[in-house]
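In the order they appear, the protein sequences are chains A and B.
Be aware that the first sequence starts at 1, since it is given in UniProt numbering, and climbs by one per residue.
Be aware that the second sequence starts at 1, since it is given in UniProt numbering, and climbs by one per residue.
Idealized CB from N, CA, C, for every residue including glycine.
Only one structure is covered here, and it is reproduced in the block below.
2 protein chains.
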Amino acid sequence: MKKNVLIIGAGGVAQVVAHKCAQHNDILGDLHIASRTRAKCDAIIASVHEKGAMKVQGTFEAHAVDAMDTAAVADLIRKTGAQIVINVGSSFVNMTVLAACIETGAAYMDTAIHEDPEKICEAPPWYGNYEWKRRAACKAAGVTAILGVGFDPGVVNAYARLAEDEFLDTIESIDIVDINAGSHGRWFATNFDPEINFREFTGTVYSWQQGAWQSNTMFEVGKEWDLPVVGKQKAYMTGHDEVHSLSARYSQADVRFWMGFGDHYINVFTVLKNLGLLSEQPVKTAEGQEVIPLKVVKAVLPDPASLAPDYEGKTCIGDVIKGTKNGKPAEVFIYNVADHKEAYEEVGSQGISYTAGVPPVAAALLIAKGVWDVGTMVNVEELPPRPFLELLGEMGLPSRVIDPTGADRAI
Amino acid sequence: MKKNVLIIGAGGVAQVVAHKCAQHNDILGDLHIASRTRAKCDAIIASVHEKGAMKVQGTFEAHAVDAMDTAAVADLIRKTGAQIVINVGSSFVNMTVLAACIETGAAYMDTAIHEDPEKICEAPPWYGNYEWKRRAACKAAGVTAILGVGFDPGVVNAYARLAEDEFLDTIESIDIVDINAGSHGRWFATNFDPEINFREFTGTVYSWQQGAWQSNTMFEVGKEWDLPVVGKQKAYMTGHDEVHSLSARYSQADVRFWMGFGDHYINVFTVLKNLGLLSEQPVKTAEGQEVIPLKVVKAVLPDPASLAPDYEGKTCIGDVIKGTKNGKPAEVFIYNVADHKEAYEEVGSQGISYTAGVPPVAAALLIAKGVWDVGTMVNVEELPPRPFLELLGEMGLPSRVIDPTGADRAI
Numbered sequence: 001m002k003k004n005v006l007i008i009g010a011g012g013v014a015q016v017v018a019h020k021c022a023q024h025n026d027i028l029g030d031l032h033i034a035s036r037t038r039a040k041c042d043a044i045i046a047s048v049h050e051k052g053a054m055k056v057q058g059t060f061e062a063h064a065v066d067a068m069d070t071a072a073v074a075d076l077i078r079k080t081g082a083q084i085v086i087n088v089g090s091s092f093v094n095m096t097v098l099a100a101c102i103e104t105g106a107a108y109m110d111t112a113i114h115e116d117p118e119k120i121c122e123a124p125p126w127y128g129n130y131e132w133k134r135r136a137a138c139k140a141a142g143v144t145a146i147l148g149v150g151f152d153p154g155v156v157n158a159y160a161r162l163a164e165d166e167f168l169d170t171i172e173s174i175d176i177v178d179i180n181a182g183s184h185g186r187w188f189a190t191n192f193d194p195e196i197n198f199r200e201f202t203g204t205v206y207s208w209q210q211g212a213w214q215s216n217t218m219f220e221v222g223k224e225w226d227l228p229v230v231g232k233q234k235a236y237m238t239g240h241d242e243v244h245s246l247s248a249r250y251s252q253a254d255v256r257f258w259m260g261f262g263d264h265y266i267n268v269f270t271v272l273k274n275l276g277l278l279s280e281q282p283v284k285t286a287e288g289q290e291v292i293p294l295k296v297v298k299a300v301l302p303d304p305a306s307l308a309p310d311y312e313g314k315t316c317i318g319d320v321i322k323g324t325k326n327g328k329p330a331e332v333f334i335y336n337v338a339d340h341k342e343a344y345e346e347v348g349s350q351g352i353s354y355t356a357g358v359p360p361v362a363a364a365l366l367i368a369k370g371v372w373d374v375g376t377m378v379n380v381e382e383l384p385p386r387p388f389l390e391l392l393g394e395m396g397l398p399s400r401v402i403d404p405t406g407a408d409r410a411i
Numbered sequence: 001m002k003k004n005v006l007i008i009g010a011g012g013v014a015q016v017v018a019h020k021c022a023q024h025n026d027i028l029g030d031l032h033i034a035s036r037t038r039a040k041c042d043a044i045i046a047s048v049h050e051k052g053a054m055k056v057q058g059t060f061e062a063h064a065v066d067a068m069d070t071a072a073v074a075d076l077i078r079k080t081g082a083q084i085v086i087n088v089g090s091s092f093v094n095m096t097v098l099a100a101c102i103e104t105g106a107a108y109m110d111t112a113i114h115e116d117p118e119k120i121c122e123a124p125p126w127y128g129n130y131e132w133k134r135r136a137a138c139k140a141a142g143v144t145a146i147l148g149v150g151f152d153p154g155v156v157n158a159y160a161r162l163a164e165d166e167f168l169d170t171i172e173s174i175d176i177v178d179i180n181a182g183s184h185g186r187w188f189a190t191n192f193d194p195e196i197n198f199r200e201f202t203g204t205v206y207s208w209q210q211g212a213w214q215s216n217t218m219f220e221v222g223k224e225w226d227l228p229v230v231g232k233q234k235a236y237m238t239g240h241d242e243v244h245s246l247s248a249r250y251s252q253a254d255v256r257f258w259m260g261f262g263d264h265y266i267n268v269f270t271v272l273k274n275l276g277l278l279s280e281q282p283v284k285t286a287e288g289q290e291v292i293p294l295k296v297v298k299a300v301l302p303d304p305a306s307l308a309p310d311y312e313g314k315t316c317i318g319d320v321i322k323g324t325k326n327g328k329p330a331e332v333f334i335y336n337v338a339d340h341k342e343a344y345e346e347v348g349s350q351g352i353s354y355t356a357g358v359p360p361v362a363a364a365l366l367i368a369k370g371v372w373d374v375g376t377m378v379n380v381e382e383l384p385p386r387p388f389l390e391l392l393g394e395m396g397l398p399s400r401v402i403d404p405t406g407a408d409r410a411i
């Protein structure tokens, strides 16, 4: 049983987290949001009040913090009395924020694996490079740390566990498919921080198949999927966080991640990558200025948060899980369909931010209620999925399943 | 009658100019080369000696100079005793180098219109914005200034004049077609300074048609041409320097410039332009660093000079000129075909640099001999073309004509 929430970060996902926390502040208590630039936090709080999102009268305060500074984050946790920290800042700050939680006893959540700004795509399993090294420290301190509790990773991990718990006896493959069939109307934009977005796709594509890590390059393996609502969509095997934890629990199964890309995205990505403009290594201009090309690409692209007002269409993200039931081959597809426009109307963000931002608030509520306050470090598939998925349904992200009989129904 | 040459610039074209000057140093006298970075000049002189290019024993010295500083350039002209300045530095330095020539009495040549780093594609005619404003000053000082005496502009202007002098009674249209059918083997590269290359294509495409300036956008107007040696090639109407002078002398004619582009070039250009990466206006990164995107693109692209060793294939550049002869419609195509590999073997540069760098040396020889030492500012079409074109033929750039009878022969 914990309360009072500190949100780290002030981007598009943080905006959703803030609105959803406000909608449940009767349970969550005081709310705080902190980022390097306080003005961004102020703007998010203003949008919360504009929508009248606070369920009951209460505190929502903005703070400036350097989240790379553990002591500063720990001080802020103590000052605010936050017992729950939702880290939706850049993936570069995971380890410092986690350290501050271990120091103060606050529960920790994030939505992506820690990244080192200097490196791209480290050795699998990625979690083993950073977060999992603090597992014993969390356990010793009794700190609840729920890793990767956005949509993917996060909800899709719970889908795998739901299949294990309720639909299948054995699991032979988990294919996570992420399709954004929406349109933002811009010539080109990324749906979240371009720096993180492109970094996902410039390295090796790791998948877990036949009991071992397999390596491919981006856009090397493509497959058309036929999904509810969004229809036939081409997706490509991509490196992604959840593959690196699901492969531990489901080591006997093939675990792959597939992301939908249109030809236009692939073309722009290919041009930028082949020219060297996605590099995180500095180059020197003729005038002698040292510049990191990827940061310049980020600077010229639209701010992902700015896409929300015009975003239309739907996303479909889910798990195709194959295995056996009663000794016979069986398959389920557990999924969510979200709508960009509905997300914007409710919380002022597009659907990609919405699907990433609602789950950590659901997790915070489960921690507040004691259901998920496990006092150790876990990935989402290690937790009971039903309370989480049912709460998400109430909060705007309903899950459905095409069960082994082929029936498409609410979970 | 003048002698002693100062070359300004140390890029791929300067390399060709240096080799060609060396091959004619019996007439040209002492040779000097200056750029911001003296080491680049040293490297060029070393390559001249490596090829044994100096026709007779003589001086070839390197200097460091800031070509944006008129006084520094004038000092260098006086110190070296140069009576001929070949400016093949960046187009940003034309006006300061020209001022130094007017001050010292040295003859001036360049191969492109002056550009202001802050602006792209100014009002037509472009020459009217800068160079032509100094025409009276050149005349008063008796200074020979030959503007735009590379290949295009330059040789193609002489082709128009040759058609006027020898093939046609009236001229109704001049279409300059520039095809590079060579291959450098890189994924993407520009053939000359990317900053200048892209700036040519990001602004309005000006052409002179029906007695007035017409505006189009880049890649809006395309046409397939069937040319000698290189065959059928798609080219696009492009803004280019020579249109802005030829339209003055041939104001009754349509004057257009066409440049060949493959689909791959167009795709890369379109991606970079639409993302804002070709902008010369600074952007600010998330970290607060001010950066000019175009300079970063330049930094990641291959140095055009580095393409030379692997460059294969041919260029074809010429003028399709239509009009009348003896009252009947008549047409000529006057052109040159150059070979990348031959250029590299002779002077260590690729064909694009070769075709741009040989003409100003031919012009320098004509000034040295008094043939073109006109004591005022001119564009190439104002000078007798035959001595120039014949000399170029001896120097490695032979011209041919498909005459009104359809015969393809040396000019």
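In the three-state reduction of the DSSP assignment, residue 397 of chain A falls in the coil class. Assignment of beta-bridge partners to residue 244 of chain A by DSSP yields no partner.
Looking at the DSSP output, residue 316 of chain A bridges to A/179, A/337. Taking CB atoms only, residue 43 of chain B has no neighbour in chain A less than 8 Å away. Straight-line measurement puts the Cα of residue 213 of chain B at about 7 Å from the Cα of residue 124 of chain B. At a cut-off of 8 Å between beta carbons, residue 11 of chain A makes no contact with chain B. Between residue 337 of chain A and residue 315 of chain A a beta carbon distance of about 7 Å is seen, short of the 8 Å cut, so the two are scored as contacting.
In the DSSP assignment, residue 79 of chain B falls within the unbroken alpha helix (DSSP H) covering 70–80. Around the beta carbon of residue 409 of chain A, fewer than 16 other beta carbons lie within 10 angstroms, which makes this residue exposed. In the structure shown, the three-state DSSP call for residue 377 of chain B is strand. Going by C-alpha positions, residue 344 of chain A is about 13 Å away from residue 50 of chain A.
Contacts with chain B at 8 Å (Cβ-Cβ) include residue 291 of chain A. In the three-state DSSP reduction, residue 218 of chain B falls in the coil class, being neither helix nor strand. Nearest to residue 73 of chain B by C-alpha distance, out of B/28, B/122, B/29, B/8, is B/8.
Flagged as an interface residue toward chain A: residue 286 of chain B, by a C-beta distance shorter than 8 Å. Residue burial is scored here from C-beta neighbours: residue 85 of chain B has at least 16 other C-beta atoms within 10 angstroms and is therefore classed as buried. The contact set of residue 276 of chain B on chain A, defined by CB atoms closer than 7 Å, consists of 300 in chain order. Cα atoms of residue 388 of chain B and residue 242 of chain B: separation of roughly 17 Å, rounded to the nearest angstrom. Distance from the CA of residue 75 of chain B to the CA of residue 199 of chain B, rounded to the nearest whole angstrom, comes to 32 Å.
Judged by DSSP secondary structure, residue 99 of chain B falls within the alpha helix (DSSP H) whose first and last residues are 94–104.
Residue 95 of chain A places its beta carbon 8 Å or farther from that of residue 149 of chain A.
Across the set A/265, A/411, A/263, A/206, the C-alpha of A/206 shows the shortest separation from the C-alpha of residue 237 of chain A. A/10 is the residue among A/14, A/30, A/23, A/10 whose C-alpha sits nearest the C-alpha of residue 40 of chain A.
DSSP places residue 251 of chain B in the coil class of the three-state scheme, outside both helix and strand. When C-beta distances to chain B are compared with 7 Å, the residues of the stretch 182–203 of chain A below that value are 187, 188, in chain order.
The same chain holds no residue with a CB closer than 8 Å to that of residue 303 of chain B once the five nearest residues on each side in sequence are set aside. With a cutoff of 8 Å on beta-carbon distance, residue 113 of chain A and residue 380 of chain A are scored as not near each other. Nearest in C-alpha terms to residue 339 of chain A, of all of A/286, A/234, A/181, A/250, is A/181. In this structure, residue 402 of chain B lies away from residue 168 of chain B, with their beta-carbon atoms at least 8 Å apart. Straight-line measurement puts the Cα of residue 351 of chain B at about 16 Å from the Cα of residue 111 of chain B. Using a Cβ-Cβ cut-off of 8 Å, residue 271 of chain B counts as an interface residue toward chain A, since at least one Cβ of chain A sits closer than that to its own.
The continuous beta strand (DSSP E) containing residue 33 of chain A extends over residues 31–35. Between the beta-carbon of residue 253 of chain A and that of residue 171 of chain A there is about 5 Å, and that keeps the pair under the 8 Å contact cut.
Neighbours of residue 295 of chain B across chain A, judged by C-beta separation under 9 Å: 285, 286, 287, 289, 291.
Between residue 390 of chain B and residue 282 of chain A, the alpha-carbon positions lie close to 49 Å from each other.
Restricting attention to A/397, A/372, A/293, the CA atom closest to the CA of residue 342 of chain A is found in A/397.
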